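First residue of the sequence shown: 1, per the UniProt record's numbering; consecutive thereafter. Reviewing the structure listed below.
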Amino acid sequence: MSDTERQSQDAASTGTGYRVLARKYRPKDFTDLMVGQEPMVQTLTNAFETGRIAQAYMLTGVRGVGKTTTARILARALNYKTPEIDKPTIDLRIPGDHCQAIMEGRHVDVIEMDAASHTGIDDIREIIEQVRYRPVSARYKVYIIDEVHMLSTQAFNGLLKTLEEPPEHVKFIFATTEIRKVPITVLSRCQRFDLRRISASDLVGLFTTIASKEGIEAEPDALAMIARAAEGSARDGLSLLDQAIAHGGGAVLAETVRGMLGLADRARIVDLFHHIVKGDVAAALGEFESQYEAGANPVAVLTDLADFTHLVTRLKYVPDAANDPSLSEVERTKAAEFAQGVAVTTLSRIWQMLLKGIPEAEGSSRPAGAAEMVLIRLAHAAHLPAPEDAARRLAEFSETNGGSRPSAPSGNGGGGATVNYQGNLAARSTESIPRPQPTGPTAMLRAVPNPNPQNMPVGRVETKPADAPKPLVSVNSIGDIANLAGDKRDVKIKALVRNFVRPVRIEPGRLDVNLTEGAPGTLLNELAVKLKDWTGIHWIVSLSREEGQPTMVEAEANAKAQQVSDARQDPDVAAILAQFPGAKIIDVRVRAPEADEEEEVKAPAAAESDEGDILPGDDIIF
Numbered sequence: 001m002s003d004t005e006r007q008s009q010d011a012a013s014t015g016t017g018y019r020v021l022a023r024k025y026r027p028k029d030f031t032d033l034m035v036g037q038e039p040m041v042q043t044l045t046n047a048f049e050t051g052r053i054a055q056a057y058m059l060t061g062v063r064g065v066g067k068t069t070t071a072r073i074l075a076r077a078l079n080y081k082t083p084e085i086d087k088p089t090i091d092l093r094i095p096g097d098h099c100q101a102i103m104e105g106r107h108v109d110v111i112e113m114d115a116a117s118h119t120g121i122d123d124i125r126e127i128i129e130q131v132r133y134r135p136v137s138a139r140y141k142v143y144i145i146d147e148v149h150m151l152s153t154q155a156f157n158g159l160l161k162t163l164e165e166p167p168e169h170v171k172f173i174f175a176t177t178e179i180r181k182v183p184i185t186v187l188s189r190c191q192r193f194d195l196r197r198i199s200a201s202d203l204v205g206l207f208t209t210i211a212s213k214e215g216i217e218a219e220p221d222a223l224a225m226i227a228r229a230a231e232g233s234a235r236d237g238l239s240l241l242d243q244a245i246a247h248g249g250g251a252v253l254a255e256t257v258r259g260m261l262g263l264a265d266r267a268r269i270v271d272l273f274h275h276i277v278k279g280d281v282a283a284a285l286g287e288f289e290s291q292y293e294a295g296a297n298p299v300a301v302l303t304d305l306a307d308f309t310h311l312v313t314r315l316k317y318v319p320d321a322a323n324d325p326s327l328s329e330v331e332r333t334k335a336a337e338f339a340q341g342v343a344v345t346t347l348s349r350i351w352q353m354l355l356k357g358i359p360e361a362e363g364s365s366r367p368a369g370a371a372e373m374v375l376i377r378l379a380h381a382a383h384l385p386a387p388e389d390a391a392r393r394l395a396e397f398s399e400t401n402g403g404s405r406p407s408a409p410s411g412n413g414g415g416g417a418t419v420n421y422q423g424n425l426a427a428r429s430t431e432s433i434p435r436p437q438p439t440g441p442t443a444m445l446r447a448v449p450n451p452n453p454q455n456m457p458v459g460r461v462e463t464k465p466a467d468a469p470k471p472l473v474s475v476n477s478i479g480d481i482a483n484l485a486g487d488k489r490d491v492k493i494k495a496l497v498r499n500f501v502r503p504v505r506i507e508p509g510r511l512d513v514n515l516t517e518g519a520p521g522t523l524l525n526e527l528a529v530k531l532k533d534w535t536g537i538h539w540i541v542s543l544s545r546e547e548g549q550p551t552m553v554e555a556e557a558n559a560k561a562q563q564v565s566d567a568r569q570d571p572d573v574a575a576i577l578a579q580f581p582g583a584k585i586i587d588v589r590v591r592a593p594e595a596d597e598e599e600e601v602k603a604p605a606a607a608e609s610d611e612g613d614i615l616p617g618d619d620i621i622f
């Protein structure tokens, strides 16, 4: 037998063989469980102090958060006994008579069963038959059933009666990762505790403490990588830490951990993000190729890029998130800079494209090529304006060019066509949204707001021939509409237009307005129908969020008030008002400019008639 084999045999026989960190540093009491599970510990503390101990507990959570360990600690607390203390307690600092055997899973009164391998009614029947016997040495007979969701329906039904009315010396503790698969009839008979994921910062603190106890040199960045890879599971994190110690030859270094996990350098991920938001496709592909040649997994690169995008977006609203100890200094500083300079719309677009691109790379036979295509799309999208920016620019273009719309280039066909895009754009009823321009006939593409989305389908496209009929009459203002209503003897529409309609924008075939309080709900539809009948063309009348110009009645009232104010400032009028106390101006009539020379000759005669010197151009009625 060689010396190495002899040493291994001696270590095994003496019980000094190596124990993995996940077992060696498994929590032994509630103080160790305080890492990430404070709400549950507080609840159990209060329950034990008041004597309100439940008959059954349900522990649920993701893998590696401590469900089975918590069940053992709870069984230890229920059966705690020392020469000084003989009652259930959560203060387990001094080992009791039963503590060691319970934590090692070999106590006769604490029965652990794996429901994944004991799923049938026969296994539950055995438990039912044994619960009537009192414990051998402990205070309670405790049944710990792990992965309880694996029990069959018959097994659950057989357990219900015993679970609802167990003997006073029996306690049940269930653990599961699939709480939704447990029947509600079982859940209703248990006190449920949801063991939450352990935060990355708590995991980094745990790993730092363990590395210090083990005398292992560990870089903070390396521990942060392991904490992120653990995804809230302490057991997974400790297994990775064990592997990193072996991989690094007794030291946990960032470079070795990065290679072990197939991760990209976080600083290089930041550089890749920088190239993408700049829209530099060549630089982004070059950076990705360098990371790929260094051993980074293409899917891991995209995932890290998504994580950094999420971090930048989160820092825009929660700046304190930069204090997370699991973040490297490069991530912390650069993410804060990007949060100040990159728009939320851009970050949201990158996030959505990565969510779609990561599964593509995972399922592709060429992950590197698929990842490169995702990066190309991301960098290309960085040049595209946000939808609201595009709408604003098009609106500014339309106003600058007198309301004209950009047209698509002419195709080979000789005819032309006008295309009106009608969509449900209630949120932006007056904004024009650019659409892809079709090839072929000359087209005018225009976003037409929908005043009645309930009755008009989204995305309907109407095509008008180039020789569509022109308006029978010219309508260029809200006054033209009121006059047209008067000419058509539609007194109702004329009155509604004058009193309630505040014009925002008007052009042939389109009218954007705002309505005053009290306007009928059907006014816009009625106005669109009337305008089509009167002008011979189709009109889109939409409700705008802009305040618009005053209604005709408001404009006339404002004009009259201004005229009265101007008249009151006239020296002659002011003298008359002073000469006759109680006199007031009730109307001001502005004379139209004289049309011809004959009327100009008559003007002095009128001025010399019976109104004295108060007629420079106004008729003032007192």
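Built from N, CA and C at the ideal position, the CB exists for glycine as well. Source: prediction; values computed, not measured.
On a CA-only basis, which of the options is nearest residue i? Give me that one, please.
i: H274; options: K213, P508, A336; result: A336
i: E293; options: A227, D265, T69; result: D265
i: V342; options: H310, L375, M103, M40; result: H310
i: T516; options: V497, A296, G509; result: V497
i: A144; options: L285, G105, S152, A234; result: Going by the sequence as given, residue 144 is Ile instead of Ala. Closest by alpha carbon: G105.
i: V588; options: L347, A567, G582, H538; result: A567
i: A101; options: V148, Y80, E84, H118; result: Y80
i: A555; options: L577, E507, L524, N499; result: N499
i: T82; options: A75, L74, I94; result: I94
i: P27; options: N514, L524, G66, K492; result: G66
i: Y25; options: L285, A559, L206, L484; result: L206
i: E147; options: K87, Q42, T162, V62; result: V62
i: W539; options: A583, Q291, E507; result: E507
i: K161; options: K171, I128, A559; result: I128
i: Q226; options: L261, W351, G248, S212; result: Reading the sequence as shown, one finds Ile at residue 226 and not Gln. Nearest of L261, W351, G248, S212 to I226, Cα basis: L261.
Tell me the DSSP bridge mates of residue i?
i: Q191; result: Y57
i: A251; result: E217
i: T176; result: T60
i: S542; result: D512
i: V204; result: The partner list for V204 (beta bridge, DSSP) is empty, contrary to what the question assumes.
i: Y25; result: Per DSSP, none; premise fails for Y25.
i: V170; result: K141
i: D146; result: D114, A175
Counting only the same chain and skipping the five closest in sequence on each side, list residues whose C-beta sits under 7 Å from that of residue i.
i: Q562; result: none
i: I90; result: F30, L44, T45, F48, A77
i: P167; result: V131, R132
i: T551; result: R498, N499, F500, V501, R502, T516
i: P135; result: D109, K141, H169
i: L272; result: A284, E287, F288, L305
DSSP on residue i, reduced to helix/strand/coil?
i: A370; result: helix
i: E84; result: coil
i: R76; result: helix
i: A595; result: Caution is warranted here: a pLDDT of 46 is assigned to A595, below 50, making its placement in the model unreliable, and the coordinate value is therefore given only provisionally. In this structure, A595 counts as coil in the three-state DSSP scheme.
i: D109; result: coil
i: P503; result: strand
i: Y292; result: helix
i: V601; result: Because the pLDDT at V601 is just 40, under 50, the model does not fix this residue reliably, and the point stays unresolved.
i: Y18; result: coil
i: K488; result: coil
i: A570; result: As written in the sequence, residue 570 is Asp, which differs from the Ala given in the question. DSSP places D570 in coil when its eight states are reduced to three.
i: P385; result: coil
i: R132; result: coil
If you measure between the beta carbons of residue i and residue j, is that distance less than 9 Å?
i: P325; j: S201; result: yes
i: V110; j: R52; result: no
i: V330; j: V270; result: yes
i: G64; j: R235; result: yes
i: A229; j: L238; result: no
i: L195; j: T70; result: yes
i: I358; j: V299; result: yes
i: residue 635; j: A244; result: A question about residue 635 goes unanswered here, because the residues of the chain that appear run from 1 up to 622.
i: I478; j: Q549; result: yes
How about residue i: is its C-beta nearer than 9 Å to some C-beta of chain C?
i: F308; result: In the structure shown, chain C cannot be found, because there is only a single protein chain.
Output needed for residue i: all residues of its chain with C-beta closer than 6 Å, excluding positions within five of it in sequence on either side, in chain order.
i: V20; result: D242
i: A251; result: E217
i: Q191; result: A54, Y57
i: D512; result: T430, V504, R505, S542, S544
Which residues in the same chain have their Cβ closer than 8 Å to the Cβ of residue i, if we skip the five residues on either side of it in sequence?
i: L354; result: L302, L305, A306, T309, V374, L378
i: A224; result: A200, V204, P325, S326, L327, S328
i: H380; result: G279, V281
Kindly examine the ligand GDP and report whether one of its heavy atoms sits closer than 8 Å to the Cβ of residue i.
i: A555; result: Looking at this structure, you won't find the ligand GDP or any other ligand, since it has none at all.
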